[in-house]
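Peer 1:
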Amino acid sequence: MRALFDASFLVAALVEAHPHHEQAFRRLAQARDSEVEGLIAVHSVAETYAVLSSLPVSPRITPSAAWALLQHSVLAHLRPVDLPAAVVRGVVERLARRGLAGGVVYDALIAEAAAQGGADCLFTLNPGDFHRVMESGSMEVREN
Numbered sequence: 017m018r019a020l021f022d023a024s025f026l027v028a029a030l031v032e033a034h035p036h037h038e039q040a041f042r043r044l045a046q047a048r049d050s051e052v053e054g055l056i057a058v059h060s061v062a063e064t065y066a067v068l069s070s071l072p073v074s075p076r077i078t079p080s081a082a083w084a085l086l087q088h089s090v091l092a093h094l095r096p097v098d099l100p101a102a103v104v105r106g107v108v109e110r111l112a113r114r115g116l117a118g119g120v121v122y123d124a125l126i127a128e129a130a131a132q133g134g135a136d137c138l139f140t141l142n143p144g145d146f147h148r149v150m151e152s153g154s155m156e157v158r159e160n
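Just so we're on the same page, our numbering is the position in the sequence shown counted from 1, plus 16.
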């Protein structure tokens, strides 16, 4: 199975105090152990860093610790998928035609990265956000 991990899922996997830590960590471990071919949208690298480095946990995750977590626990095991400018433009144009506004654009870009990377599955803690931007049945969206 080839799966793209979004930032919500990765934060849960990396933060032990997160209520979904165990299930998310198990899936990330499958990518680490090459049981799953793991992908990450390039945008999600920045989003995961932003959340980790500003999360209100004690002790605080410092920026350098957040980067170390990303490097060793995420980027060492997940292949980044970057979208060309023309693809980004097409995604935004489709959203505009459908009348979808605001932050949904980020979900649509992550879904497109999953499609471009050939993912069978997208792991997220926010499946509804992706169902509204993806074609029905195009890919499995899972919380665990």
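A virtual CB, placed ideally from N, CA and C, is assigned to each residue, including glycine. Given the structure is predicted, the values throughout are model-derived calculations rather than measurements.
If you draw a straight line from the alpha carbon of E109 to that of P75, how long is it in whole angstroms?
Peer 2: For this step, residue 109 is matched to residue 93 along the sequence shown. For this step, residue 75 is matched to residue 59 along the sequence shown. When rounded, the distance between both Cα atoms is 42 angstroms.
Peer 1: Since L91 is in the alpha helix (DSSP H), which residue starts that stretch and which ends it?
Peer 2: Counting from one through the sequence shown, the residue named residue 91 turns up at place 75. Premise fails: L91 is in no alpha helix (DSSP H) and is neither H nor E.
Peer 1: Would you kindly report the start and end of the unbroken alpha helix (DSSP H) that includes V120?
Peer 2: Looking up residue 120 in the sequence shown gives position 104. It spans V120 to Q132 - the alpha helix (DSSP H) in which V120 sits, taken as one unbroken run.
Peer 1: Could you work out which residue in V73, L68 and E128 is closest to A81 when comparing CA atoms only?
Peer 2: For the purposes of this step, residue 81 is taken as residue 65 along the sequence shown, with counting starting at 1. The residue with the shortest Cα to Cα distance from A81 is L68.
Peer 1: What do you get for G54, buried or exposed, if any count of 16 or more other CB atoms within 10 angstroms of its CB means buried?
Peer 2: Walking along the sequence shown from the start, residue 54 turns up at place 38. So G54 counts as buried.
Peer 1: When DSSP builds the beta bridges, which residues end up paired with A28?
Peer 2: Within the sequence shown, numbered from 1, the residue matching residue 28 stands at position 12. A28 is not bridged to any residue.
Peer 1: With V104 as the anchor, note down where its alpha helix (DSSP H) starts and where it stops.
Peer 2: As a working mapping, residue 104 is identified with position 88 in the sequence shown. Segment A101 to R114, the alpha helix (DSSP H) holding V104.
Peer 1: If you pair each beta-carbon of the region 139 to 155 with each one of the region 115 to 124, do three or more pairs fall below 8 angstroms?
Peer 2: In short, these stretches touch, since the Cβ pair count reaches three.
Peer 1: Any idea which residues DSSP pairs L20 with across the strands?
Peer 2: The residue labelled residue 20 in the question sits at position 4 within the sequence shown. Answer by DSSP bridge pairing, in chain order: L55 and L138.
Peer 1: So, helix, strand or coil for R148, using DSSP?
Peer 2: Position 132 of the sequence shown holds residue 148. In the structure shown, R148 sits in coil (DSSP, three-state: anything other than H, G, I, E or B).
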